[in-house]
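Read the structure below first, then the notes.
In this note's numbering, the protein residues as written are 2 to 125.
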């Protein structure tokens, strides 16, 4: 899988959320948080299509785009790359750093504990 750039990842995140969208819809959502030109958004999405990251339905005048790569697989790949490059392959270091950045809510801590319990039970 091609590693998405930051701009491509922003667009993929919107497509995963919206399921499908036109360039204009993506551009409008991106413009809510940062200044970007329509032609820039169009060009990035065309490049993503050429890379196989998105599909494009050309049956109507307005092309509709969908993510061609799965969110979970992309997150797993990016996380593995980050863990290996920035944390020397240590999952513990990555998790400790992530948890130390912001104080997790009680609900998040409960979910993390449940996940850790699940991992321990698999090893038993």
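Where is the CB? At the ideal position from N, CA and C, for every residue including glycine. Fair warning: this is a prediction, and the values are worked out from it, not measured in the lab.
For residue 69, no pairing in a beta bridge is given by DSSP. Scanning 22, 60 and 58 for the CA closest to the CA of residue 42 turns up 22. In chain order, 3, 5, 9, 13, 68, 69 and 70 place their CB closer than 8 angstroms to the CB of residue 54, counting only its own chain and leaving out the 5 sequence neighbours on each side. Taking residue 63 as reference, the option from 124, 75 and 26 with the minimal CA-CA separation is 26. According to the DSSP assignment, residue 56 belongs to no alpha helix (DSSP H) but to the beta strand (DSSP E) extending over 55–58.
Looking only at 104, 107 and 117, the smallest Cα-Cα distance to residue 93 is reached by 117. Per DSSP, residue 28 is one residue of the alpha helix (DSSP H) stretching across 24–32.
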